[in-house]
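The structure appears right after this line, and notes come after that.
Put into structure tokens, the structure is as follows:
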């Protein structure tokens with residue numbers, strides 16, 4: 007388990023935890039889990055290994071810098087690229103396989119900041135769809 011304290015934009019301190027496999031990031035405050043990012047490690051036989059973001063459940067963490075801090079911490083610990091495609095779910099309990107507009111914008115922002123690697127998924131995150 008990897009843990010880090012992070013002071014968010016709201017001035018409060020949160021704990022970012024990543025499990026040993028790198029497939030779950032949790033954001034907590036005072037031991038209450040506020041958000042989760044699930045990832046899947048992909049061992050690519052034709053290229054570099056990477057982690058694929060499969061679930062973004064950050065509703066209680068919006069606009070505090072916690073999502074970006076969590077992904078950057080994951081990169082610091084595991085030193086592998088992060089990717090996302092059109093199958094990212096908004097929450098673990100969600101039956102939907104589509105991100106909300108906020109989730110789409112978050113992934114786009116993380117790509118622009120080179121936190122999430124850009125991949126061509128036929129514009130899976132295009133706002134035109």
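In the numbering used here, the protein residues as written are 7 to 135.
Glycine included, every Cβ here is placed at the ideal spot set by N, Cα and C.
- Query: Should the segment 65–83 be called in touch with the segment 9–16, which here means at least 3 C-beta pairs below 8 angstroms?
  - Reply: In the pairwise beta carbon analysis, the segment 65–83 is classified as touching the segment 9–16: at least three pairs are separated by under 8 angstroms.
- Message: Please return the same chain residues whose Cβ sits closer than 7 angstroms to the Cβ of residue 115, not counting the five positions on each side in sequence.
- Response: none
Flag this pair as yes or no: are the beta carbons of residue 73 and residue 112 separated by less than 8 angstroms?
yes
If you follow the beta strand (DSSP E) that residue 64 is part of, which residue opens it and which one closes it? Residue 64 -> no beta strand (DSSP E), and no H or E assigned at all.
*residue 18, buried or exposed, once every other Cβ within 10 Å from all chains shown has been counted against 16*: exposed
| Which ranges would you report for the alpha helix (DSSP H) in the segment 16–89 if only whole runs of at least 4 residues count? | 72–84
Inset, instruction - Could you check the C-alpha separation between residue 136 and residue 124 for me, to the nearest Å? - result: Lying before the first or after the last residue shown, residue 136 is absent from the chain, which here runs from 7 to 135.
Exposed or buried, which one is residue 32 when buried takes at least 16 other CB atoms within 10 Å? buried
Exercise. Can you check DSSP and say which residues form a bridge with residue 10?
Key: 22
Next on the checklist: Excluding the 5 residues flanking residue 27 on each side, which residues of the same chain have their C-beta closer than 8 angstroms to its C-beta?
Outcome noted: If we look at residue 27 and ignore the five residues flanking it on each side, its Cβ neighbours are 47.
Are the CB atoms of residue 83 and residue 63 within a distance shorter than 8 angstroms?
Cβ distance not < 8 angstroms, so residue 63 and residue 83 don't count as in contact.
Rounded to whole angstroms, what is the Cα-Cα separation between residue 117 and residue 44?
Looking at the backbone, the Cα of residue 117 and that of residue 44 are separated by about 18 angstroms.
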